[in-house]
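In what follows, a structure is listed as structure tokens, so that the remarks can point back to it.
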DNA sequence: TAGAAAATACCTCAATAAAGGGGATAATTT
DNA sequence: AAATTATCCCCTTTATTGAGGTATTTTCTA
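Protein chains in written order, with the working numbering: chain W, 8 to 217; chain R, 8 to 217.
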């Protein structure tokens, strides 16, 4: 039985078998209906405003425009639609680019059917469904390196430098002398074996010291 | 029945009722056992190395040392233990500080018992269990503002500035003239209504333009 | 409680970067 | 065709940076 309150779902996926599989799964789940299915982003961008789905399942590797490239355009076409990435790719770069471009969830393709349905519901409900390993990667991206060579004060000062503040301003805000800040920076550079602000920030970020 | 392969769980929670409730739940679930329960972090830090749990459920609001302060010390005491935050607090600041300090999951206290058990298993398995709203906050933290006033090039240059690079270096790396970079910066400052690097970075970060 | 580590402050120096102002003209996009 | 974006050029003045030192006080921690 179909209701007006059914959650409408659209799919962008180039593999016809997979696409129809998902459509079959969702179309036959009570409370859900299919608003449209598209084999590529170009096609989707033409039709999606009319179909206006509640949730869009988006593949990232597609012929033509990639799912990630299409994200901002899709967001513009259907701002209310919740976009859920559904892909085999698990590279950090892709995940963070997808989330940065407006994806509200990220599932890998080994996700069992019932979890996909749950995720659709969750994203509608203000959640951020992620596969377990994706969630761990996302959490890891926050984690500081607990064996940093920098002292607490040095870390604090390098963080301030990374916000673009001048040494003078940092000194003022930390209520210490400019010369003290300069000493700390000197020590930071020695420890990180760098000779410039940019290199220090780069080294510290790569190693999660800041 | 208890096995050597049971997942051992410890709990730091000041409310005795809640603490014993969790202990009862976990102790009576097949495949799980309680390694220890503590009412505060000071107490936990004394005993946890001996109890050596696989997973630690950690409250953030505690008398004495807070859970977040204790995180690095706990990590040091039991580096192999997976730490799962279990709290009523949902402030962004707390969440990001907890994850930055080594928490591998974040659950709110309305999480039903079966989900807590699942989360314990998940964190052991390399996942990053989070309550739905926490996951959304975490995902949102990655999302760029799609109505930035900055052009693509301006955004790119401001990102480079935020890495601490000099204008000259940015010009070299983008294969454009120093004067071009200066023009872009001029326009960025105008658009963001700021008069310095630090303020531009701050404004852009706050508004998720970069 | 002694020694180590961290944080603090001071000095000099040359080189570079930043910020603000004024322009102009290609190259894209819409 | 108009608007936006990207590019390049000139000027000035002040502020910042990075590198070389030394030295004191405070705070851990073994």
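Just so you know, even glycine gets a beta-carbon here, dropped at the ideal spot from N, CA and C. Quantities reported herein were computed from a predicted structural model and do not represent experimental measurements.
- At least one beta carbon of chain R lies nearer than 7 angstroms to the beta carbon of residue 145/W.
- Of all residues in the segment 70 to 96 of chain R, only 79, 82, 83 place a beta-carbon less than 8 angstroms from a beta-carbon of chain W.
- Beta-bridge annotation (DSSP): residue 40/R is paired with 15/R.
- Boundaries of the beta strand (DSSP E) harbouring residue 93/R: 89 to 94, taken from the DSSP string.
- For residue 34/R, the three-state secondary structure derived from DSSP is helix.
- Restricting attention to 23/W, 173/W, 162/W, the CA atom closest to the CA of residue 214/W is found in 162/W.
- Going by DSSP, residue 125/W is part of the alpha helix (DSSP H) stretching over 120 to 131.
- Contacts between residue 114/R and chain W, judged by CB atoms closer than 9 angstroms, are missing: the closest CB pair is about 12 angstroms apart.
- Secondary structure note for residue 101/W: its alpha helix (DSSP H) is the uninterrupted segment 99 to 107.
- Taken through DSSP and simplified to helix, strand or coil, residue 24/R comes out as helix.
- Residue pairing by DSSP places residue 137/W opposite 113/W in a beta bridge.
- In the displayed model, residue 85/W falls within coil according to three-state DSSP, outside both helix and strand.
- As the crow flies, the alpha-carbon of residue 31/W is around 20 angstroms from that of residue 54/W.
- Look at residue 63/R here: in three-state DSSP terms it is strand.
- The alpha-carbon separation between residue 149/W and residue 111/R amounts to approximately 10 angstroms.
- Nearest neighbour of residue 133/W by Cα position, chosen from 183/W, 185/W, 62/W, turns out to be 62/W.
- Per DSSP, the continuous alpha helix (DSSP H) segment holding residue 159/W begins and ends at 159 to 168.
- Looking at 205/W, 201/W, 188/W, the one whose alpha-carbon comes closest to that of residue 177/R is 205/W.
- Boundaries of the alpha helix (DSSP H) harbouring residue 176/R: 174 to 181, taken from the DSSP string.
- Within the DSSP bridge table, the entry for residue 45/R names 19/R as partners.
- At a Cβ-Cβ threshold of 7 angstroms, residue 80/W and residue 101/W do not count as neighbours.
- Cβ contact annotation for residue 104/W (same chain, cutoff 8 angstroms, sequence separation greater than five): 75, in chain order.
- In the DSSP assignment, residue 185/R falls within the unbroken alpha helix (DSSP H) covering 185 to 199.
- Minimum Cα-Cα distance from residue 37/W among the listed residues 114/W, 95/W, 127/W, 97/W corresponds to 127/W.
- Under the 7 angstroms criterion on CB atoms, residue 118/R is classed as non-interfacial with respect to chain W.
- In the three-state reduction of the DSSP assignment, residue 69/R falls in the coil class.
- Approximately 7 angstroms separates the beta-carbon atoms of residue 17/R and residue 44/R; this is inside 8 angstroms, confirming the contact.
- Contacts with chain R at 7 angstroms (Cβ-Cβ) include residue 208/W.
- Chain-ordered, the chain R residues with CB closer than 7 angstroms to the CB of residue 149/W read 103, 106, 107.
- Taking the beta carbon of residue 131/R as reference, no residue of chain W falls within 8 angstroms; the closest one sits roughly 11 angstroms away.
- Between the alpha carbons of residue 109/R and residue 58/R lies a gap of roughly 20 angstroms.
- Within the same chain, and ignoring the five residues on either side of residue 208/W in sequence, the residues whose Cβ sits closer than 8 angstroms to its Cβ are 165, 168, 169, 217.
- Within chain R, the C-beta atoms nearer than 7 angstroms to that of residue 153/W come from 79, 82, 109, in chain order.
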